Each structure stands twice: as C-alpha cells, then as structure tokens.
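Read top to bottom, the protein sequences are chains R and U.
Per my numbering, the first sequence runs over residues 1 to 303.
Per my numbering, the second sequence runs over residues 1001 to 1364.
Right, one structure below, let's go through it.
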Amino acid sequence: MTAAARRAAPLPLGPGRARVVGTLLAGLTLFVSTGFATNGRLPQDTSATSELVSPTVGAAAWLRDFVLPGGELEPAPVTLDTELIVRIAEVRAHGDAFRYDLSFYGLAPGTYDLRDYVRRVDGSTTADLPALPVTIRSVLAPGQVRPHRPLEREPPSVGGYRLLVGLACVAWVAGLVVILRSGKKSDEEAAAAARPQTVADRLQPLVERARAGTLSQAERADLELTLIAFWRERLALGSSGAARALATLREHPEAGPLLRRLEEWLHRPDPPETTDLDVLLQPYRNVAAEALPALGTSSEARV
Amino acid sequence: MTDPANASTPAFEETADFINRIRERIATVVVGQEVVVERLLISLFTGGHILLQGVPGVAKTLLASVLSRALDLEFSRVQFTIDLLPSDILGSEILDRRTNEFRTHKGPIFTNLLLADEINRAAPKVQSALLEAMQERKITIGNTTYTLPAPFLVIATQNPVEQAGTFELPEAQLDRFMLLHRLDYPSPEDERELLRRNARLGVRRAEKGAIVQTEFDTIDSKPVGTDAEIVAAMEAVNGVHVSETFIAHVVELVNRTRNHPAVELGGSPRAGISLIKSSRARALVHGRSYVVPEDLFALAEDVVLHRMRLKYEALADGLTGHDVLEEMLATMGATPSVLIPHVAPRTGTNHTSAPNAAQSVSGA
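If you want it as structure tokens, here you go:
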C-alpha cells in the first residue's frame, strides 16, 4: 500500500466523529456534483449559509434533513417572474420545528434568499426564519444575451382531440345537408324558370302598361312582336315562314287592322293625334293563359 | 301600291312612278321574279351590292341586263374563272410603243352595273380585289387612284351546287354584300308564261344567215328612267322614317343571332345597318314613307343569313342557317327579348288614349 493510499484509507470512527465526517462528505458531494446537503443541522449562522455553493443555472441542488424553525413551509406559487424554483419533497416533524428534504434550481444567475420562495402553510409570517442565501452560478461568459420573455398564451382549448374530431364530423354532415338541400332547391328553381312562358303571360302586362301609357320604347317593340306572335299562333301560321306569316296576318280581317293601327302608332312619323289604345287593345286584356299554348315550346316554332 | 296617306309629297310620288316604270319594263322581259327585282332596286337605291345565289338558267344575267338598259346604265359582265387576275377586272398600265409611256387601261369594273358571274370560281386574290373595290369605290392602278362611277352596283352570282374548283367566299367578304338573295325556280304558272314567250321568239337575220333570238333581243333599248331619277330615289330612301321601335326590332334580331346556341358567328353591326338601309328602300318600293316590321321580316334572310356561321355541332345535327334564322324570327315576341327583362304583370289603370309613340322618336 502506498502512502497516498494509506492517507485515503478510512479510519475507524466513533458515532460523533462519523457524523462530522458525513457532513463534510455531503458538502463535498454537493460542491462537486452541484448538489448540496446538510444533515439535520439547523443553520443558526447566516454567514455559514451564505457560504454554501449553489449549482449552476438549471441544475438542481438538494437540502436533506434540513431543519427550519416555526410552522410547516411549502413552496410559494411560481410566476413568470420567478427566477428560483423550490420544491419540497418531504416534511417531517422535528420538535416544534420541521425537517425538510427540499431541492431548488435557479433560472438566472445571482444570489437569492430561499425565504423568499417559501411560505407557511398556515399563512403566518416567515420573518422568524434565518437568512438562506444561495448563489446560482452561470457557466456562460458575462454579457450573454438573455432569451426573450416567454409569450403569454391563451389557455388551451377545452375538449381536446376527440371533441375536435367530433365537431369536425358534425360540421361535415351539416355542410353535406346544406349542399344537398340547396341543390334540390336550385333544381326546383330551374324547373320553375324553365316553365315556358305563354304569350298570354307576356301580353297581358304589356297591354296593361300600354293602356296606362307607361310603356318604354323597348316594351313598345316587345308589345308589337308579342301581338304578332299571338296572332301567328292563333291562326296556326307556325309552319309558314316568318315573313310569309306576317304578310298573311296583315291581310287577315281581324289581325290586319290591329297590326296596321299599331304600325301607325309605333312607326309613322306623323301618327294620328291620339290612338285609342283602350279600344284597340281591349280584346287582349283578358287573354286566358290556358287558352294559348306556350309558343316557346311549340314544335312548329322550334327547329 | 303607294299608300297615299303616307307618301303625299310630290317627290315621293314621282319616285313611286319611277319604280313602277322600272318594274313594268323588267316584267316585259323577265317573268315573275318580283322579289329579285325588288332586291335589285333596293341594292341600287341604297348603294349596296347584291349576291345572287341560284342554279344556272334563272335569268340572273337577263335581269342585270334589262335593269341596266332600263336605267341607261353602263353594264359590264365578267365571267370569273380560276385563271382570272385582279388586273383583268381592275385594269393595268400598259406601255404605249408609240409614245414610250405607260397609259392606263381601265378594267371592266369601271361601269355602273357590274355582273360578276360565278364569283366563287375566281382565286381569293381576285375576289379580294373586287370586294375591296366594292367597299372603297376607288381603284389604284400604278400610282394613280381612280374613283368608280356613280352609281356603282355589283351584282355577283354564285352557283350553290357545283363546289368543285371553287373558292367559297369567307364570311368577312360576304359581309361586303348588303344582300344575298337565293333565287328559286319560277312557279309553274310563271314557267308556263316563260315558255310561251320563248316560243314566240323568232330568228334575227344577220349578214348571210340568221341568229335565233333570245330574251336579250326583246329588251327595249329605250330607258325608262334617268340618272336624276335614280338620285332622287336614293334621296327618297334617306327620307324614309325609321322609328325607335323598328330600331329596337333590328337590334333584337341581330342580338339573337349573336346569342343563339347554334350560332358561332352572329350578325355584325354592319348587318344591323344593312337591315335599316334595305328596309327603308323596301318601304319606298312598297310606297311607304316609314318602315314596318314586315320589311324586317322580309329582308332578314337576305341580309342576315350570309353573315351567320353555325357551329359544327349544329351542322352535324343537320341544322341549316335558314332553319336557325326562321326559329329566331318565329320566336321574336314569343320568347322573352334578349335585350329587356320580362315585364312583370301588374294591374294598370284604364286610359282611354295613349300618347303617340312616334312623337318621342327621332326622325330618320
């Protein structure tokens, strides 16, 4: 065995001596492994606690069997500004005090007092506690840029994934129903729009407006063409060419005078002073819609 | 034929008399064909040109010839063939050997009435030269521009049956013709009269022999009208009233050609202009001082049809342009206008009289 080995070999210890050696070993372990412990020693001397070497930022340190006077303690609530996190693993009664197994770690380098990060369970003051300074070291060089302050976010939505999937399914089904219903509605509207408009449908309002004297120029043209269509259909001239049909209409004893009077009213540069439209258009006021087939679907009028 | 209530001015009556004289002169040579004569007069009075489409032997050349003689107009006829050159129609500069200078030889286009027979047999270059001259009414030969004589009317013909070795006129060039009239065979009654007249034709002695007379020999060389009367008729056409209602009809029809599902190319604005112009002339020929829908319906085929081109699908379905146009005309008034929304039904109040529609429209 070498001399160095002999110096490191354990010596036989008594109960009191062993306790002192254990404390020193624990302090050494804390120093080396960023851990820290005291074995039931009440820190009466604050200067002694200020000498305790604390770990680096983010590394946890432990205090086991740490006796603190007064009522039971618990960690103070943590806020976004808290730079030292204290956790109490176990609390045991120790006379009129309590013995704690606690750990702490720092989020920023500096010196902190553990008293600021605990509180009494019963809400009483912690002023009777001795100072418990700890130092959090930084392994970074001075002047490092600090990270941004964490952004405050909205609390997470209620429900989670299953609720989200359920809501998506409901929305999908609802959308499908809306689409199906709207498609059915548009079909109905298209069918209604495709319903052939009879000449009577078109003629009656034009006649009424002509008699009221409120026809626009375009509607006057429409009135004339609609009356021609009316008579062409009534005389079954659909198979004749349009020009020949109109020539036939002009010679018809009933349609001819009407069309000529209309031509005079609508086309002559010097029409009669007044045209008695009331009499002229009287027969066309109450043309029954069902009395005429829909010209738009007449086989003769279609190619 | 003249409506005295509508055409009371002396100038209008003189024009009506002039038109009647032309009709009577043509009727002495050509049997029937009143519609063709009417279209020729419309073309002459409006300064438009006319393309006659029909099988051979329906008196196309005879009509042009008798019209020119009746009005004492210069008449030229050009038979279009595949080897025809533009200079054969327009003219060219030729070297005069005596003077060693170029002199201009004017082509047959320098006339009042040009019959371009079977225009679709000429090459497109020749067709373009003629159609450009029809539009511009000017010819440039060498460095000199010549104005064509007035009146200037081209009566072109084409045979719809024989298509081998022909060059179909494209729609853009057909648009230059105000009217395209499709000639039909005469009615049986007219054809009997035609044969009777032909049977009365004898022979004409010439030199040592004789020549069998044709209808051309029966044309009276004495004119029935003068240049001044033609000018008066052209001015009378411009005096025919066109109402706003009639313009609405024309716009409606032209728009229907553009919006019809079977039509690929509808009527151009020139189609509407031609409809108005030809309707005015037709009204004058029929003794009216204002146009009516009958003019529009009668002329729609001749004015609009050659300006329309059907879609391939419609042609494959067996549709013709005539079918589609007839459908458009037949449904005018029967289906809602493409220009105005349908008038909603309403209950109107009774009025015993209405203001005159024509009071609010502009005169022609």
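Even for Gly, the Cβ is constructed at its ideal location relative to N, Cα and C.
These numbers come from a predicted model, not from an experiment.
- Only residues of its own chain outside the window of five on either side were considered, and among them V1078, G1107, P1108, I1109, V1126, A1129, L1130 have a CB closer than 7 Å to the CB of I1089(U), listed in chain order.
- Runs of the alpha helix (DSSP H) spanning 4 or more residues and lying entirely within the segment 1047 to 1107 of chain U occur at 1060 to 1070, 1086 to 1090, in chain order.
- Its Cα nearest to that of E1244(U), the residue E224(R) stands out among A245(R), E224(R), L235(R), P257(R).
- DSSP, read as helix, strand or coil, puts T1331(U) in helix.
- Q217(R) and A1248(U) have their C-alpha atoms roughly 8 Å apart.
- Ranked by Cα distance from S1187(U), the first of Y1290(U), V1035(U), I1273(U) is V1035(U).
- Residues of chain U whose Cβ lies closer than 7 Å to the Cβ of H267(R) are, in chain order, S1243, T1245, F1246, Y1290, V1291, V1292, A1358.
- Under the Cβ distance rule, G1057(U) does not count among the residues neighbouring chain R, no pair being separated by less than 8 Å.
- Taking every protein chain shown into account, the CB of S1278(U) has 16 or more other CB atoms within 10 angstroms, so this residue is buried.
- In the DSSP assignment, K1138(U) falls outside any alpha helix (DSSP H) and within the unbroken beta strand (DSSP E) covering 1138 to 1141.
- Taking the Cα of T1157(U) as reference, the smallest distance to any Cα among E1136(U), L1115(U), P1149(U) is reached at L1115(U).
- According to the DSSP assignment, V67(R) belongs to the beta strand (DSSP E) that extends over 61 to 68.
- In this structure L1305(U) touches L1325(U) by the C-beta definition: roughly 5 Å separates them, less than 8 Å.
- Taking the CA atoms as reference points, A1233(U) sits about 41 Å from L1315(U).
- Any Cβ of chain U closer than 8 Å to the Cβ of A247(R) would place that residue at the interface, and such an atom is present.
- Contact check for F1167(U) and A1123(U): beta-carbon distance about 6 Å, within the 8 Å limit, so the pair qualifies.
- Under the Cβ criterion of 8 Å, F1177(U) is not counted among the residues facing chain R.
- Annotation: the segment 1132 to 1204 of chain U contains the following complete segments of the alpha helix (DSSP H) (minimum length 4 residues), in chain order: 1171 to 1174, 1188 to 1200.
- Between the segment 249 to 261 of chain R and the segment 160 to 175 of chain R there are fewer than three inter-stretch CB-CB distances shorter than 8 Å, so the stretches are not counted as touching.
- Beta-carbon to beta-carbon, L73(R) and R146(R) are separated by about 30 Å, too far to satisfy the 8 Å threshold.
- Secondary structure of I1273(U) (DSSP, three-state): helix.
- For D128(R), the three-state secondary structure derived from DSSP is coil.
- Excluding residues up to 5 positions away in sequence, N1112 lie with their Cβ nearer than 6 Å to the Cβ of P1149(U) in the same chain.
- By the Cβ neighbour-count rule, I1094(U) is exposed, with fewer than 16 other Cβ atoms within 10 Å of its own.
- The shortest C-alpha to C-alpha distance from M1332(U) to any of P109(R), L163(R), A245(R) is the one to A245(R).
- Within its own chain, the residues whose Cβ lies closer than 7 Å to the Cβ of R1023(U), once the five positions on either side in sequence are excluded, are V1037, listed in chain order.
- Annotated three-state conformation of I1211(U) is strand, per DSSP.
- Contact annotation: V86(R) and S138(R) have beta-carbon atoms that are not nearer than 8 Å.
- For the pair A131(R) and A60(R), the Cα-to-Cα distance works out to about 20 Å.
- Under the Cβ criterion of 8 Å, A243(R) is counted among the residues facing chain U.
- For E1301(U), the CB contacts under 8 Å within the same chain, skipping 5 residues up- and downstream, are R1182, H1322, L1325 in chain order.
- Using beta-carbon distances, A200(R) does not count as an interface residue toward chain U, since no partner is under 8 Å.
- Annotation: I228(R) to F1045(U) spans about 29 Å, alpha carbon to alpha carbon.
- Note that the C-beta distance between E1252(U) and A221(R) is below 8 Å.
- Looking from the CA of R1307(U), the closest CA among V1254(U), P1160(U), V1237(U) belongs to V1254(U).
- By the Cβ criterion, the segment 1220 to 1230 of chain U is in contact with the segment 1069 to 1078 of chain U, since at least three pairs of Cβ atoms, one from each stretch, lie closer than 8 Å.
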